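A.B. asks:
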Amino acid sequence: MPLESSLCGEVAASSAAPRVPRGKRGGQQALHCAVCEKEFRCKSDLQVHFRVHTGEKPFECTFCEEKFALNGNLTRHLRTHTGEMPFECVICEKRFTQGGNLRRHLRTHTEEKPFECTVCKKSFSHSGALRRHLRTHTGEKPFECDVCQKSFAVSGQLRAHLRTHTGEKPFECTVCKKCYTESGTLRKHFRTHTGVKPFECSVCKKKFARSENLKKHCRTHIIG
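For the sequence shown, my numbering puts the final residue at 271, and the numbers step up evenly by one.
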């Protein structure tokens, strides 16, 4: 019996998926999924792929019972419970739960930015940052608030917005104990204690604690 018939039989029968002929690739017979026609070199890869169609998730977390289609995904998830961080930066010794996170972090040392926007040519150190940036061109806002249906381009913006409904203020000033809904607001507030003014006018070198104050100041030079 052909592989696609034995492996994909139930779905193929129910969805009337076409039988895909098998070709040769690199001297080996290629295997095809009968549902989506994707090609694989070995049976095990095809079997793993087929879980996309069946929804099968055979790997279960012993801590929280969340299930995964791939054993590797379960392994990464388990580190959220165990706190294990096996990937260490050789430069600053910072540790990470995933190899991909370490690779992204290393670019902060090398300043490598391999992901370029096809619209404006701006470059980014990781693909996620590029995807978020592209939404500034497309106007896409895929993250919607369940309470008021307001949409956001970035998931972090949605999380911050949700706190306006819940009243949660998880970011606390260590000096005066004042709490804020967003980490950025806390950083701005903290400068009132430290006196740090990181925003400098390029014309007169006057410094400001907030970027919006610098923008207002810069207009005085334009008007003048």
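Ideal Cβ placement from N, Cα and C applies to all residues, glycine included.
Remember, predicted model here, so these are calculated numbers, not experimental data.
Where T129 and R88 are concerned, what is the direct C-alpha to C-alpha distance, given to the nearest angstrom?
C.D. replies: In a straight line, the C-alpha of T129 is about 35 Å away from that of R88.
A.B. asks: Short of 8 Å in beta carbon distance, which residues of its chain neighbour H236, apart from the five on each side in sequence? Order them along the chain.
C.D. replies: Closer than 8 Å at Cβ, skipping near neighbours: C220, K225 and Y227.
A.B. asks: Tell me, please, which residues DSSP counts as bridged to L78.
C.D. replies: The partner list for L78 (beta bridge, DSSP) reads F87.
A.B. asks: Give the secondary structure of C226 by DSSP, where H, G and I count as helix, E and B as strand, and everything else as coil.
C.D. replies: Strand at C226.
A.B. asks: Buried or exposed: H323, going by 16 or more other Cβ atoms within 10 Å of its Cβ?
C.D. replies: Residue 323 lies beyond the stretch modelled for the chain, which goes from 48 to 271, so this question has no answer here.
A.B. asks: F190 and L205 look like a contact to me (Cβ under 8 Å); what is the Cβ gap, rounded to whole Å?
C.D. replies: Indeed, because the Cβ distance is near 4 Å, the residues count as touching under 8 Å.
A.B. asks: Give, in chain order, every unbroken run of the alpha helix (DSSP H) that is at least 4 residues long and sits entirely within the region 121–177.
C.D. replies: 146–157, all fully within the region 121–177.
A.B. asks: Would H156 be called buried (16 or more neighbouring beta carbons within 10 Å of its own) or exposed?
C.D. replies: Classification of H156: exposed, given that the 10 Å Cβ count is below 16.
A.B. asks: According to DSSP, which residues form a beta bridge with S198?
C.D. replies: BP columns for S198 point to E191.
A.B. asks: Can you give me the C-alpha to C-alpha distance between K263 and E135, rounded to a whole angstrom?
C.D. replies: Roughly 44 Å separates the two Cα atoms.
A.B. asks: Hey, how far is the Cα of T101 from the Cα of L233?
C.D. replies: Near 46 Å, if we compare the C-alpha coordinates of L233 and T101.
A.B. asks: With respect to the alpha helix (DSSP H) encompassing S258, which residues constitute its N-terminal and C-terminal limits?
C.D. replies: Counting along the chain, the alpha helix (DSSP H) containing S258 begins and ends at S258 to I270.
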